[in-house]
Every structure is written in structure tokens, then in C-alpha cells.
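Sequence lines, in order, name chains A and B.
Mapping to the numbering used here: the first sequence position 126 is 126, numbers consecutive.
Mapping to the numbering used here: the second sequence position 51 is 1051, numbers consecutive.
As C-alpha cells, the structure follows; a few thoughts come after it.
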Amino acid sequence: MSAVGSFLWEFLRGTWDLLWKMFVIIVPIMVILEVSEGRRWFRALARGWARLLRPLGLSEETATPTLVGFLFGLAYGGGVIVRDARRGTIGRRQVFLMSLFLSMVHAIVEDSLILIAVGASAVWVFGFRIVWAGIVTLLVGAAATALVRWHRKRRG
Amino acid sequence: MSGDRPTQPAGHDDRRAEGRKPAPAEAVLLEPRPLRPALLAGTRIGVRTFAEMALAMVPAYFAALLLEKLGVIDVLSDWAEPVMGVMGLPGSAALPLVLACLLNIYAAIGAMQALPLSGEQITVLAIVILISHNLIVEGAVVHKAGMNGIFFSLLRLAAGLTAGIVVNLLFGILS
């Protein structure tokens, strides 16, 4: 009983930590996005960011989710992907490429700083991971595209 | 899989989005909205998205915690120990790596600090952990976004370990 009880207690505490933090981040992000999307400065920012990601095959519609995920974390970028998928502005291929990129690099500030604080090299943690994310997105993206093409062709 | 046939019933948002030409940028994206409706809409979308993500993440967190309590971490670190050498890491570094993958970065850092690692080894382990962590909960997030969460979690594990091998090789070449 006490083992089960302490497990449930830890689960509840952990869930509370997870949820309140997510709530106080995700709601302001969505409010800021609703207020700023469409404003000139935000579109300029999104265009600039999209230009950086274009070599990876990511289109301009993916600028907001990738930027949010890159800066704040996968759950938040994922939230914006869910929102945009609901609106129907992003296709599956773009969601796949975004998921690839964000899987490799997200929460760039928070996560990296914790590990730099315990002694990891900042240059490698930032530089290598971003380059690596680009390589993986390109390679796996190309492989998936080839696979889908081959699959479609085979079925006529 | 037949998910992308146009004849399939369009049940899922993602699927419908795919069949079309790239959707024209919505009107909302091109014109700033009045502040009050934007604030209201943002709050509504935020709460709804929060609820959707929470419904996916909490069960995943439960599963991760259960696996930890069942002793899966010890078993997996035993398995991982011999593999650590290819990244230039001692076998004992398997524990923080497994903790990161199953739970999160914070759990891993606690275990890392108990180990006598060199600066380069800390950097290698940090890069692996930064790519491959919290795989169960974040796998649920990716799944929610419409992708296969298991595929992406395994990909992150593979890409993380490969990155560790590459960084270790680069350190060898550069030093």
C-alpha cells in the first residue's frame, strides 16, 4: 500500500509540476501569437527565420511553430503545430520536417544552459547541435520523400 | 498505409490539409486584429491547446514513472554500459543517459554529477542527452502533432548516439 501510495503521490506532484509550468507558458505564447501574427514586425521576424530554415525544405508557414519550439520547447512548438494543423495551414510533409528539426533541437536556451552549467562546452552544445539538426532534417527528410515517391509510384 | 488516398474519408484535420494545394495564408495572418478579440482568442486557443497536450502528456508521464519504479532503468543501463565506449564514455555514464531518455534532463544531471567525467566527456554526454531525452512524454507530444511518436523517439535515440560517436571522433581529430 505504501509503495503504491508513494508512487501515486510522486505521480501527482510530478503531474502538477508539469501542468502548471506548461499552462503558464502555453497560454501567454498563444495570446502573444494571436496579438502579433499579422503585425508587420512579426511577419518580418517570421520571414527572416523562415529564410534560415528554407534550405532544410521548411516553408514559411512553419516559421511560427519552429521558432516557438526552438526557443521554448517541444511541447510548445508541438502545441502551435496542433493549432496550425487544426486551421489547415500546414500539410503533412511540413509537419514531418518540423518534427524532425524540433526533435533534434528544442528549448535551446533552457536545456542547453543547464548542461553548460554542469561543465559542457557552450560552443559544442549550441553549434554542433544546430548543425546536427540541419543534417538529420536534410537526410531523413530526403529519405522519407524518396520512400513516399517510390511507394506512390508502385501503387500507380 | 492508405492514409493519403484522396478517396479516403477526410476524418482527420491533417489528412485534409495534405490533399489540398498549400492553403492560402489566412486572413488573420495578414492583418493585425483588434486587441481585445485577439486576447480572447489567444486565451481560448491557449487553454484548448494546453488541455489537448496535457491529455497526451500526463498518461505518458505516468508510463515513464511506472517504468522507473519497476526497475527498468537499472536493466537498461546494464544493457547500455558496453555501448558507452564507442562514444568515449565510461560504462557508468549509461545511468544518466538512460535516466535522460526515460525521464528528463534534470534526472540525468543529478546522476552525471556523481561521475568522474573529463570536460570532453561531459560535452559528449551533454550533446547526446540534449538530443535524446524525455522520449516517452515528448514522443506523446510528437504523436499529438500528427506524427508517429515511436518512430520519432527511436530516431532521436539513434541520432543522439550517432552524434555522440561523431563528437567523440571530432575531439580525437582536433586534439
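Heads up, the beta-carbon is just placed ideally off N, CA and C, and yes, glycines get one too.
It should be emphasised that the depicted structure is a prediction, and the values quoted were computed from it without experimental measurement.
Residue 1075 of chain B and residue 1061 of chain B have their C-alpha atoms some 19 Å from each other.
Within the region 1091-1125 of chain B, the residues whose Cβ lies closer than 7 Å to some Cβ of chain A are 1105, 1109, 1112, 1113, 1119, 1122 and 1123, listed in chain order.
Listed in chain order, the alpha helix (DSSP H) runs fully inside the region 1107-1139 of chain B are 1119-1131, counting runs of at least 4 residues. When the Cα atoms are used, residue 1066 of chain B and residue 1083 of chain B turn out to be separated by approximately 25 Å. When Cβ-Cβ separations below 8 Å define contact, residue 66 of chain A makes no contact with chain B. Setting aside the 5 residues that flank it on each side, residue 29 of chain A is surrounded in the same chain by 68, 72, 76, 79 and 80, each with a C-beta closer than 8 Å to its C-beta; the list follows chain order. In chain order, 1105 and 1109 make up the part of chain B whose C-beta sits under 7 Å from the C-beta of residue 114 of chain A. Using a Cβ-Cβ cut-off of 8 Å, residue 45 of chain A does not count as an interface residue toward chain B, since no Cβ of chain B sits closer than that to its own. In the three-state scheme derived from DSSP, where H, G and I count as helix and E and B as strand, residue 141 of chain A is classed as helix. The beta-carbon of residue 1129 of chain B is placed less than 8 Å from the nearest beta-carbon of chain A. The C-beta separation of residue 19 of chain A from residue 1054 of chain B comes to about 6 Å, placing the pair in contact by the 8 Å criterion. Within the region 72-154 of chain A, the runs of alpha helix (DSSP H) that reach at least 4 residues and sit entirely inside it are, in chain order, 74-87, 92-104, 108-117 and 129-154. Residues of chain B whose Cβ lies closer than 8 Å to the Cβ of residue 150 of chain A do not exist, since the nearest Cβ in that chain is about 14 Å away.
In the displayed model, residue 1032 of chain B falls within coil according to three-state DSSP, outside both helix and strand. For residue 1036 of chain B, not one C-beta of chain A is nearer than 8 Å to its own C-beta.
B:1163 is the residue among B:1111, B:1147, B:1072 and B:1163 whose C-alpha sits nearest the C-alpha of residue 128 of chain A. Approximately 6 Å separates the beta-carbon atoms of residue 27 of chain A and residue 1047 of chain B; this is inside 8 Å, confirming the contact. Using a Cβ distance threshold of 8 Å, residue 1073 of chain B and residue 1099 of chain B count as a contacting pair. Contacts with chain B at 8 Å (Cβ-Cβ) do not include residue 48 of chain A.
For residue 1093 of chain B, there is no enclosing alpha helix (DSSP H), as DSSP gives it neither H nor E. Nearest Cα to residue 1089 of chain B within the set B:1139, B:1161, B:1173 and B:1110: B:1161. Excluding residues up to 5 positions away in sequence, 69, 74 and 77 lie with their Cβ nearer than 6 Å to the Cβ of residue 102 of chain A in the same chain.
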